[in-house]
Amino acid sequence: MSELKIYNTLHRQKETFTSITPGHVGIYVCGPTVSGESHLGHARPYITFDVVIRYLRYLGYKVRYVRNITDAGHFEEEGRVAEDKVSTKAILEKLEPMELVQKYTNRYHWAMLQFNNVEPSIEPTATGHIIEQIEMIKTIMEKGYAYEVDGSVYFDVKKYAASHNYGILSGRVLEDMLETTRELEGQDEKRNKVDFALWKKAPPEHIMRWPSPWGEGFPGWHIECSAMSAKYLGTQFDIHGGGMDLQFPHHECEIAQSEIAHGDMMARYWMHNNMITINGRKMGKSYNNTITLTEMFSGNNPILEKAYGPMVIRFFILQTHYRSTLDFSNEALQAAEKGLQRLWATYEVLQKLSWSGNGQAINEELDKQVRQLLQELPEFMNDDFNTAKVMANLFELAPIINSLKGGQIKMHEISEETFQQLQASWKTYLVDILGVQMEVLGTDEDKLDGVLQMLINMRKEAKARKDYATSDKIRNELLSVGIQLKDEKDGTVSYSIVQD
RNA sequence: GGUUUCAUGGCCGAGUGGCUAGGCAGAGCUCUGCAAAAGCUCGUACAGCGGUUCGAAUCCGCUUGAAACCUCCA
C-alpha cells in the first residue's frame, strides 16, 4: 500500500507522513471561539479534521486529538479599544461571561454530534489554562523576546526575526509587514507595529480578568494554543490543523512563541483547510454573510430554499478536496443531498446482500474492475485525504451493487473474495472514514418497522384486487411523511427514510 | 499597495503532459397497473492570447477576471 502523504503548508508541498513516536499521532486543531454560534464555514475544519483523525486511526495510529475551546483571549477592534470578545458579547446579552461561554459551547457540542464527528481526546479551554499561559509568557520574557509596557506584555517580533524565520509558515516578509500593517490599538505601546500581545492589561470595566505578575489582565491572541498544545502533546507534535485564514497571524505567532519558549518548531505538519464561500466571497462575520448551523438544519434563513441535514452538509463538504474553496449554493446542497441518499441506499442494499456463487464462471473483467476501484480507495486517502475521489469511486461502484441486487449482474460473476472486500470497504470508507451515518430511526426502529410492514401488506392486498386508489394512497401518504416505498423486481417492497 | 492562490461542460466539482473522474440537473429506453427506486444509453468542457512539446486542461509568458491574507476570523 502507498504511504500517507500530507500537504504541509510549512513547505508548500505534499510530504510523506511519519509520526514522531511510531504508532502514535498527536494532532492539535484550532477550535471555536464560543462567543457566538457556529456557522457553515466553521463546519469545514471540524469535518475535514474529523476525517483525518478517522483515517489515521484506521491506519492503526493511536491518535491524541486535542481541539481547544477559546473562551477568552481573542480581541476585536471596537471603538479602537482592545476588548475581550467574550466579555463584550456577554454584557450585550446580560449574561455572565461563563454563562455565555457555556451556552455556545453546548450548542457547538450539539452541532458536532449532529455531524457525527469523533470527540476530541482532550478539549482544553483557554480560561482553564491561564497559569500555563502566564508561565509561558514568563519564559519568553526571561529569554528576552518579550517586554512589558504598563501591565501588558508584547512579543518582540523584530528581535525574533533577526535570528529566526518569522514568516516561515505564511510566506510573509517582515520588512513588508513593517510598512503595510495598519494602525491598530495600542500601537504606541509596542516597539514595532508587528509585535503582538501576549498579555493585555484589563481596563477597570473589564469583567474577564486574572491576576498576573504584570497586574490584572487577560491572555493575548495566540498564546493559548501554544501553551495548551505543549502541555498535552509535547513541545513538538505531529500535526497542527486549522482554517487557512489562521495561517497569519495566528499560527505564525504560535510558531514564534513556541520556538522561543520551547526551542522547537511546535508542529511538523501544518494542515489548512480552505474556506467556504457564498456568492464567491468567504463566509465570515466581517462580511455579514454567514448562515449558522442551526439555520442550515432548520432552513430558517432567507438564503436557504430548504433545510439541509447535517449529513448532507458533511457530504457536501467532503465532496470537495479540503484545500479547495467550496462555494455554497442551494443547487449544490441539493445535489449533495441526492448523492448522499443514493450512496446510502446502495450501502444498505449491499449490506443485505450475500454472495452466492454456484460454480459458474466469474466475469474476469468485471471482477477486475471492482477490485481496481476498491484498491484505489486507500491510495486516494493517502494522497492528502482526497475524499472527493473516494466518493467518485463509491459512486462508480453503486450501479454494480444495485445490479447485483436487481439481477442485471449475477452474483457468481464476481468472486466471493471480491464481494467480501466490496462489502467491507463500503463499511470502512463510507461509514468509518467518511463518517456518514444515517441511523435516523433510533430506538423505536422495530416498532416503526412493524407498522410499515403492516402498511406494506395492506397495500399489497389492495394491489392484488386492483384497488389502485388505495394502494397509491398508502404510497403517497407515506411519502408525504418522509418514507419512500420501493417496489423491487422480485415483488418485495422495501422502504427508505427520506432525508431532509 | 504588498503577499499568495484560483479560473474546468446547465450547476457542483476531481484531475499536473497523451488513456480526456464523479455527482446533480436534462433527454431516450428497460422494468412497473401508474409512479418512485434501480439498470442501460446520450454531453467531449477546461477564461483569452502566445510559447515549449510529436502531443497540454495539465509546463512557461502575457492579458483579463475572481478570491484569500496583510485586522478578529474556520
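Residue numbers (numbering that gives the first Met the number 0): 0 to 499.
Backbone N, C-alpha and C define an ideal beta-carbon position, used for all residues, glycine too.
Residues of its chain near Ser424, where Cβ-Cβ distance is below 7 angstroms and the 5 sequence neighbours each way are ignored: So the list reads Leu373, Leu376, once near-sequence residues are dropped.
Validate contact between the region 43 to 55 and the region 268 to 287 using beta carbons, cut 8 angstroms, 3 pairs: yes
With three or more beta-carbon pairs closer than 8 angstroms as the criterion, would you say the region 378 to 395 touches the region 310 to 322? yes
Nearest neighbour of Thr293, chosen from Leu9, Leu39, Lys4 [CA to CA]: Leu39
Rounded to the nearest angstrom, how far is the Cβ of His221 from that of His249, given a contact under 8 angstroms? 6 angstroms
Cβ distance (whole Å) where Lys305 is taken to contact Leu352 below 8 angstroms: Not really, about 33 angstroms apart at Cβ, beyond 8 angstroms.
Pick from Glu122, Phe195, Met380, Tyr307 that is closest to Gln113, judged by C-alpha positions: Selected option, being the one with the closest Cα: Tyr307.
Whole-angstrom distance between Glu444 and Lys485, CA atom to CA atom: 18 angstroms
Buried or exposed by the 16-neighbour rule on C-beta atoms within 10 Å, applied to Ile133: buried
So the alpha helix (DSSP H) Pro202 belongs to, where does it begin and stop? Pro202 -> no alpha helix (DSSP H), and no H or E assigned at all.
In terms of residues, what are the limits of the beta strand (DSSP E) holding Phe327? Per DSSP, Phe327 belongs to the beta strand (DSSP E) from 325 to 327.
Alpha carbons only, please: which of Thr289, Asn191, Pro96, His163 is nearest the one belonging to Ile206? Pro96
Secondary structure at Gly78, three-state DSSP: helix, strand or coil? Here the model assigns Gly78 a pLDDT of 33, short of 50, so the residue's position is not dependable, and the following value carries that caveat. Of the three classes helix, strand and coil, the one that applies to Gly78 here is coil, per DSSP.
Report yes if the C-beta distance between Pro218 and Ile129 is below 8 angstroms; otherwise report no. In contact: Pro218 and Ile129 (Cβ atoms closer than 8 angstroms).
Starting from the C-beta of Thr126, find all residues in its chain whose C-beta is less than 7 angstroms away, skip the five residues before and the five after it, and write them out in chain order. Asp70, Ala71
Beta strand (DSSP E) segment containing His23, residue limits: 23 to 28
Please determine if the region 15 to 31 and the region 234 to 242 are in contact, where contact requires at least 3 C-beta pairs separated by less than 8 angstroms. yes
In terms of residues, what are the limits of the alpha helix (DSSP H) holding Gln483? From DSSP, Gln483 is part of no alpha helix (DSSP H) but of the beta strand (DSSP E) over 482 to 486.
Selected residue, minimal CA-CA separation from Ser297, among Thr20, Gln12, Tyr286, Pro309: For Ser297, the nearest C-alpha among the options comes from Pro309.
As a quick exercise: from Val492, Ser479, Ser225, pick the residue whose alpha carbon is nearest that of Glu460. Distances from the alpha-carbon of Glu460 to those of Val492, Ser479, Ser225 put Val492 closest.
For Gln12, the first and last residue of its enclosing beta strand (DSSP E): 12 to 15
Which residue marks the beginning of the beta strand (DSSP E) containing Gly242, and which one marks its end? 236 to 242
Buried or exposed for Asp194, please, with buried defined as at least 16 other CB atoms from any protein chain shown within 10 angstroms of its CB. By the 10 Å Cβ count, Asp194 comes out buried.
Between the C-alpha atoms of Asp326 and Arg106, what's the straight-line distance to the nearest angstrom? 25 angstroms
Under 8 angstroms by Cβ, that's how I've got Ala110 and Leu99 pegged, so tell me the actual separation to the nearest angstrom. Taking 8 angstroms as the upper bound for CB-CB distance, Ala110 and Leu99 are not in contact here, some 17 angstroms apart.
Roughly how many whole angstroms lie between the Cα atoms of Lys4 and Ser18? 12 angstroms
Length-filtered (4 minimum) alpha helix (DSSP H) runs lying within the region 290 to 366: 292 to 297, 309 to 317, 329 to 351
Beta-carbon separation of Gln483 and Tyr494 under 8 angstroms? Taking 8 angstroms as the Cβ cut-off, Gln483 and Tyr494 qualify as a contacting pair.
Distance, Cα to Cα, Val497 vs Ile432? 23 angstroms
Comparing alpha-carbon positions, which option in Pro210, Gly233, Phe247, Lys488 lies nearest Gly166? Phe247
Among residues of its own chain, excluding the 5 on either side of Asn329, which ones have a beta-carbon nearer than 6 angstroms to its beta-carbon? Taking C-beta separations shorter than 6 angstroms and ignoring five residues to either side along the sequence, the partners of Asn329 in its chain run Glu304, following chain order.
Short of 6 angstroms in beta carbon distance, which residues of its chain neighbour Tyr159, apart from the five on each side in sequence? Order them along the chain. Close CB contacts of Tyr159 within its chain, under the 6 angstroms cut and outside five residues either way in sequence, are with Tyr144, Tyr165, Ala255 (chain order).
Assigned exposure category for Leu440 - 16 Cβ within 10 Å defines buried: Note that Leu440 has pLDDT 49, beneath the 50 cutoff, so the model's placement of it is unreliable and no number is given.
Where Phe48 sits in the DSSP three-state scheme: helix
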